Structures are given as C-alpha cells and as structure tokens.
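Please read the structure below before turning to the comments.
Residue numbers (the numbering used here): 10 to 451.
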C-alpha cells in the first residue's frame, strides 16, 4: 500500500531541519561552569588570610587558566578609550566646510576668468570681493550669503555648506540623520522643522508635570520614523535624546574657544536659516531641565589626526561615556557590586563578542559560587565558606600535600644523632620507651 503522505503529494523533505550556529545569548548546550579551579584558588587565598568574599573577588579579577578576568577586561577598556582620544580631532566639520568654501571660490574665479562677456568693472569688483574674504571660515560663509554666484558649480558647493551644517547639527541629536537627509528636499526640511516643533511642545508639556501619554503616542505615530530606537514611552525617548544631546555638549566643551566660536557662527547658516538652530537650542534646554543628571559639563582632550564631524564626534563621546561606565562596572569597587552589573551588550559593542563571552562566564561563575552552597551569607551579611566548601578545601589541601610528597624518596634533614648504634644481631625483649628498631621476623 502506498504511503498516505505520498498519496496526498506531501514532499519527503517536509520535515527536513536546518541547523546553524546559535546566536541568541548564552549557549543553552554549554556545560555548567567548572567550580573546581575557582574553589582551589579561593581556598588558597582564604588560607593566606583573605575573607571568602575578598578571595572570590580576587579570583574574578585574575580570571582562570583559560579565562580572562576583570582586570584584563578593564585594561582593554582603558586601551580602547585611550585609542579614541589619540586617534581623533574635533574639527572635522569645520575642515569639510572650509574645503567646500575653497572649492566654491576657486570655481567662481575660474568662471570669472572665462566669461568674456562680463563687464570688466563687474569682474574686477567680484574678484576683489573674493580676494578679500575674511580668514574666518564662518565670517567668509556669512559674507557670501548674498553673493550672486556666476558659476553653477560654485553655487552648488556653497549650498552644500548649508546642507552639511544642517545635517551635522541634526546628526548630533539624532544618530544617522546626516546620511538619511543627504540630498534632502525642501519638503524633507519642512518635515524636520515640524517634528522638532512637535517634540519641543511634547517635552515642555512634560516639564509642567502634565500627563503626556496620549501626546507621546500621537507624536510617535506621526514622527516615529525619526527614532529608530523605537521608544515605548516618553521616559525612554528622553533617555535616548538626553544621552546624545549631553554627548554633543561635551564635544562642544572639548573644542578650543576658536573652534566653538566658528561653529556657533556657522550654525546660523544651517539649511540657510537660523530656524533649525533655534529649535535645537530649545530642545537642548528642555533636555537639560528634564535630565539634569546627565554629564553636560565635562570635556576631553583629543590629540589625533583623524578629524570627525559633529555627528560622528558625538558618537565618539557616547562611546567614551559607555567605556567609562564599563570601567566602573568592571572595577566592582562600589558597595553591593555584582558581576550581573556588567552590561554585556555594551561590552560586546566596545570590545567584541569574545570579551562579552568572558564576562558572561564570570557572571555565571559568581552566580554558581553563590548558589551552589559553597559560600553562605551569615546574618551580618558576610560571606563564609560552608561546611561543603570546607570539605572540598580539605580534600584539595590533602591532595596538594600528597602531590608534593609523592616525588620525595624519604629524604629528611636531621641534625640530631640517632639513639641506636650499628646492628650487631643481638636482640632483647622490648621495653617501654625503646627506640631501637624491631626485629620483625622474631
């Protein structure tokens, strides 16, 4: 009789399975962590005078034979932070604006030289105007705002300055906006201004203590595409915006006074209107009032050669803040510190998956030590070795003693003479206190 599935035309591959590497967190098939090595090192430190709590912390800091410890992870975090400071400088946007300006002026001069139909007096006036532009990039851009460009290429480069400034300023507050708005139309810019207006209205209402749940839902329905983080409530929205805005402020604090002055002057030209800068200033004010706990006042000193723009530079400052948080978590030097405090996602972003795996293993190890019964917390809050751990420690110590003595062949250092002379073959009855060897055959 034919198979019922075959009669219905069922494919023989219907139940074929496809296997691939698991990527959803800890390996569910991984063996449990091995506590033997940890208990051995903890026992040695306890015998040396450490408390069980301190001994466990020291083992987590050192790591195991094939496992990175907290100290090594902290060193990698410090190296990454130092690398960011030594690699970058903060004038990337100013340099890009200067290059666009120089290119626009050069193209305009070429056009003036080529245009044989232009009135000589007009040509001379324009050449003098270009020749005497201020040395300051911001002042030169401002002076050319009303210039009647004769070269289409020069005009396009000058307009790119306004577009670049607008996209960079937005990218400081909303990650990815620089690329998203490349080649933006007037309608796109109008949508941005509308979103900023609605956002500020929402935040100002929240500052007054009013219920903004419905307003938040309406705002996200209308402008949710601007927020890839997909916040679920106004607090999540505030956290995401404030963290990036604070990073932007720290970047501004880290610039030289001349760079800050240039940037603030150029910002008025963003998208060809001061409206954007006014909206962003209003946004920053709202965020500082609603999230005063963010770091708005610190600065960093950069010494690299790779210039970063406003958006990318803000990302660098966010990375620095995340690295600082990881450094604190890995130090475990605060009251109530636990390995579970370490942000594994942040560690993977900054140091890679291998570092996150090492930290996760340490988390599991600490959890296993606390939950396995080897460590017990007393009524005063202190960790103590349990009887189970003491037995394990005793076995380890005896095994260590046996291993040390197993290779010795009876060598002993004696500084006293023995009581017995050379054997003569004579014997006598044993009496209490005798130290001579026994005649075993008799």
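C-beta atoms are modelled at their ideal positions from N, C-alpha and C, and glycine is treated no differently.
All values reported here derive from a predicted model rather than from experimental measurement.
Next on the checklist: Please tell me whether residue 274 and residue 148 are closer than 9 Å, where the distance is taken between their beta carbons.
Outcome noted: Yes; because the gap between Cβ atoms is below 9 Å, this pair is in contact.
Next on the checklist: Are the CB atoms of residue 50 and residue 71 within a distance shorter than 9 Å?
Outcome noted: Yes. Within cutoff.
Next on the checklist: Check for me: the alpha helix (DSSP H) holding residue 167 runs from which residue to which?
Outcome noted: For residue 167, the enclosing alpha helix (DSSP H) stretches over residues 161–182.
Item to check | Nearest-angstrom Cβ-Cβ length linking residue 182 and residue 257, presumed shorter than 8 Å | outcome: About 7 Å; that satisfies the 8 Å criterion.
Checklist entry - In three-state terms, what does DSSP make of residue 76? => result DSSP places residue 76 outside both helix and strand once states are collapsed to three, so it counts as coil.
Next on the checklist: Within 10 Å of its beta-carbon, does residue 423 have 16 or more other beta-carbons around it, so buried, or fewer, so exposed?
Outcome noted: Reliability of the predicted coordinates at residue 423 is poor, the pLDDT of 49 falling under 50, and no value is obtained from them.
Checklist entry - Quick one, which of 261, 371, 103 has its alpha-carbon nearest residue 42's? => result When 261, 371, 103 are compared, the shortest CA-CA separation from residue 42 is found for 371.
Checklist entry - How many angstroms separate the CA atom of residue 395 from the CA atom of residue 382? => result A straight line joining the alpha-carbon of residue 395 with that of residue 382 spans about 7 Å.
Next on the checklist: Strictly by DSSP, which residues pair up with residue 98?
Outcome noted: DSSP lists 316 as the beta-bridge partner residues of residue 98.
Next on the checklist: Tell me the rounded alpha-carbon separation between residue 365 and residue 167.
Outcome noted: Going by the C-alpha atoms only, they are around 47 Å apart.
Next on the checklist: What does the alpha-carbon distance come out to for the pair residue 65 and residue 52?
Outcome noted: Roughly 9 Å between the two C-alpha positions.
Next on the checklist: Please tell me whether residue 322 and residue 99 are closer than 9 Å, where the distance is taken between their beta carbons.
Outcome noted: Going by C-beta atoms, residue 322 is nearer than 9 Å to residue 99.
Item to check | Range of the contiguous alpha helix (DSSP H) that encloses residue 125 | outcome: Counted as a single uninterrupted DSSP element, the stretch harbouring residue 125 is not any alpha helix (DSSP H), since DSSP gives it neither H nor E.
Checklist entry - Which whole-angstrom value describes the C-beta separation of residue 224 and residue 214, a residue pair presumed to lie in contact below a C-beta threshold of 8 Å? => result Contact check for residue 224 and residue 214: beta-carbon distance about 6 Å, within the 8 Å limit, so the pair qualifies.
Item to check | Extent of the continuous alpha helix (DSSP H) to which residue 62 belongs | outcome: Per DSSP, residue 62 is one residue of the alpha helix (DSSP H) stretching across 61–71.
Checklist entry - Does DSSP put residue 442 in a helix, in a strand, or in coil? => result Of the three classes helix, strand and coil, the one that applies to residue 442 here is coil, per DSSP.
Item to check | residue 307 to residue 260 span [Cα, whole Å] | outcome: Distance between residue 307 and residue 260, taken at the CA atoms: about 9 Å.
Item to check | Length of the line joining the Cα atoms of residue 239 and residue 303 | outcome: C-alpha separation (whole angstroms): 21 Å.
Checklist entry - Does the pairing of the stretch 287–301 with the stretch 52–63 give three or more beta-carbon distances under 8 Å? => result As far as the Cβ criterion goes, the stretch 287–301 does not touch the stretch 52–63, which means the pair count is below three.
Next on the checklist: Considering only the alpha carbon of each residue, which of 234, 188, 268 lies closest to residue 200?
Outcome noted: Of the listed residues, the one whose Cα sits closest to residue 200 is 234.
Checklist entry - What is the rounded straight-line gap between the Cα of residue 210 and the Cα of residue 202? => result About 12 Å.
Item to check | Assigned exposure category for residue 253 - 16 Cβ within 10 Å defines buried | outcome: Under this definition residue 253 is a buried residue.
Checklist entry - When you compare each of 138, 298, 301, 325 to residue 310 by their alpha carbons, which one comes out closest? => result Checking every option, the nearest Cα to that of residue 310 belongs to 325.
Next on the checklist: Applying the 10 Å Cβ sphere with the 16-neighbour rule, what's the burial state of residue 293?
Outcome noted: It is buried - the Cβ of residue 293 has at least 16 other Cβ atoms within 10 Å.
Checklist entry - In the structure shown, what three-state DSSP assignment does residue 338 receive? => result DSSP places residue 338 in the helix class (H, G or I) of the three-state scheme.
Checklist entry - Just to check, is the beta-carbon of residue 218 closer than 8 Å to a non-hydrogen atom of the ligand HEM? => result The ligand HEM is not part of the structure shown, which contains no ligands of any sort.
Checklist entry - What is the DSSP secondary structure of residue 133, reduced to helix, strand or coil? => result Looking at residue 133 - three-state DSSP - the assignment turns out to be helix.
Item to check | As assigned by DSSP and simplified to three states, the class of residue 194 | outcome: Residue 194 falls in the coil class under three-state DSSP.
Next on the checklist: Under 8 Å: do the stretch 294–301 and the stretch 142–162 share three or more Cβ pairs, one atom per stretch?
Outcome noted: Contact between the stretch 294–301 and the stretch 142–162 is absent, because fewer than three Cβ pairs lie under 8 Å.
Next on the checklist: When you compare the CB positions of residue 368 and residue 356, do they come within less than 9 Å of one another, or not?
Outcome noted: In this structure, residue 356 lies closer than 9 Å to residue 368 by Cβ.
Item to check | Close-in-space but distant-in-sequence residues of the same chain around residue 146 (CB under 8 Å, 5 per side omitted) | outcome: Spatial neighbours of residue 146 in its own chain (CB-CB distance under 8 Å, excluding positions within 5 residues in sequence) are listed in chain order as 103, 106, 107, 110, 271, 275.
Next on the checklist: By the three-class DSSP mapping on this structure, what secondary structure does residue 437 have?
Outcome noted: Residue 437 falls in the coil class under three-state DSSP.
Item to check | Distance, residue 79 Cα to residue 44 Cα | outcome: About 17 Å.
Checklist entry - Based on Cα-Cα distance, which residue from 236, 226, 376 lies nearest to residue 242? => result Ranking the options by Cα distance to residue 242, first place goes to 226.
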